[in-house]
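Worksheet: one structure, shown below.
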Amino acid sequence: MRKYPRNNFIKVLVLVTSIVVVNSFIIFTLDQNSKFYFGRLTTTITSGVAFAIALVMVYKYKTKQDWFVPHQFRIRQDIMHSSICMFLGFWFVAQLTWSFYDQQSPAPSVADILWLIGYVLIGYFLYSLLYISRKELEAHTFFIIVSIVTISLTYTVLVILSASSLLTFQKQEISVTILTIAYPILDAILLVPALFIFWIRRNPPTFEHKSLKSEQQEDISWILLTLSIILFVIADSGFAYITALNLMMVQKEAWIWNIFYNSGYILLAGALTGYSIFFPMAKTDSKKMN
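In the working numbering, the protein residues as written are 723 to 1012.
Spelled out as structure tokens, the structure:
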């Protein structure tokens, strides 16, 4: 049975409590307009908190980077640091813009452009993490690849077919149709590395001595990262569905998917508190990380 450090249980407790408290403002509000308002407000706050934590943890990691990161890896890591911070920055501004300024703008709106740029940045970060972990792939990698890609493609096809069938029954701008279909495709692209990373990190290796690498493997930040991506995928799928069904339903039902967005941002923030574990290139012991 896999054992995790006690800190992980504390982290889980804090995250679950945060998810319950934040989403309670939406769930226990009876008025639809208030639900819509709190949905927008809380998602803006959670995305902002995740962005702030990313900035703090990246800064903390970079100030000690010279101690344990070989010089040849620093440029690649610097790009990764920038990509995760910029991703959350773009999504925070996009959420803020859509929530309070841009809801009536024709698609693609400023918020859509910012979200799409964010997809590129988080995609780069996830695929770079996968590249870093490539040596830890197991012998039956081919089966894993086929399974994960099949799941992602199946998800994409089902969402596109559902959205397309709904869009045929209403007159929509071509740009709205493209965006409605584009988001699930981009989600599927993110889902592939997220599932791969989870599979690679699901079991810690056995080490003769307790080391930084074993501590990295035992940290649940890998799991939190994958779960946050899955929650974003669910939220985007639901939001795309109601958009394709009827744009007027967005204000009535968007709060449901805000719950998933909030949970995703909170889990991602939790994952980023263990930011250093995403880079298994240390040369010194873990004391220098603290």
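C-beta atoms are modelled at their ideal positions from N, C-alpha and C, and glycine is treated no differently.
Asked: Output the distance between the C-alpha atoms of Met-779 and Ser-985, rounded to the nearest integer angstrom.; Found: 20 angstroms
Asked: Which residue from Asn-729, Val-734, Phe-773 puts its Cα closest to that of Leu-946?; Found: Val-734
Asked: Does Lys-786 come out as helix, strand or coil in the three-state DSSP assignment?; Found: coil
Asked: Helix, strand or coil, according to DSSP, for Tyr-823 in the structure here?; Found: coil
Asked: Under 8 angstroms: do the region 974-984 and the region 826-845 share three or more Cβ pairs, one atom per stretch?; Found: no
Asked: Would Tyr-987 be called buried (16 or more neighbouring beta carbons within 10 Å of its own) or exposed?; Found: buried
Asked: Counting only the same chain and skipping the five closest in sequence on each side, list residues whose C-beta sits under 7 angstroms from that of Gly-992.; Found: Lys-733, Leu-737, Leu-946
Asked: Within a Cβ cutoff of 7 angstroms, which residues of the same chain sit near Met-808, ignoring the five residues on either side of it in sequence?; Found: Leu-843
Asked: Skipping 5 residues on each side, what residues in its chain have a beta carbon closer than 6 angstroms to that of Ser-769?; Found: Trp-813, Phe-814, Gln-817, Tyr-987
Asked: For Ile-741 versus Phe-760, is the C-beta distance shorter than 8 angstroms?; Found: no
Asked: Does DSSP put Pro-1013 in a helix, in a strand, or in coil?; Found: In the structure displayed, the chain extends from 723 to 1012; residue 1013 sits before or after that span and is not available.
Asked: Report yes or no: do three or more beta-carbon pairs, one from the region 903-917 and one from the region 846-855, lie closer than 8 angstroms?; Found: yes
Asked: When you compare the CB positions of Ser-950 and Leu-908, do they come within less than 8 angstroms of one another, or not?; Found: no
Asked: How long is the line joining the alpha carbons of Thr-785 and Ile-835, rounded to whole angstroms?; Found: 32 angstroms
Asked: Please state whether DSSP places Leu-848 in a helix, a strand or coil.; Found: helix
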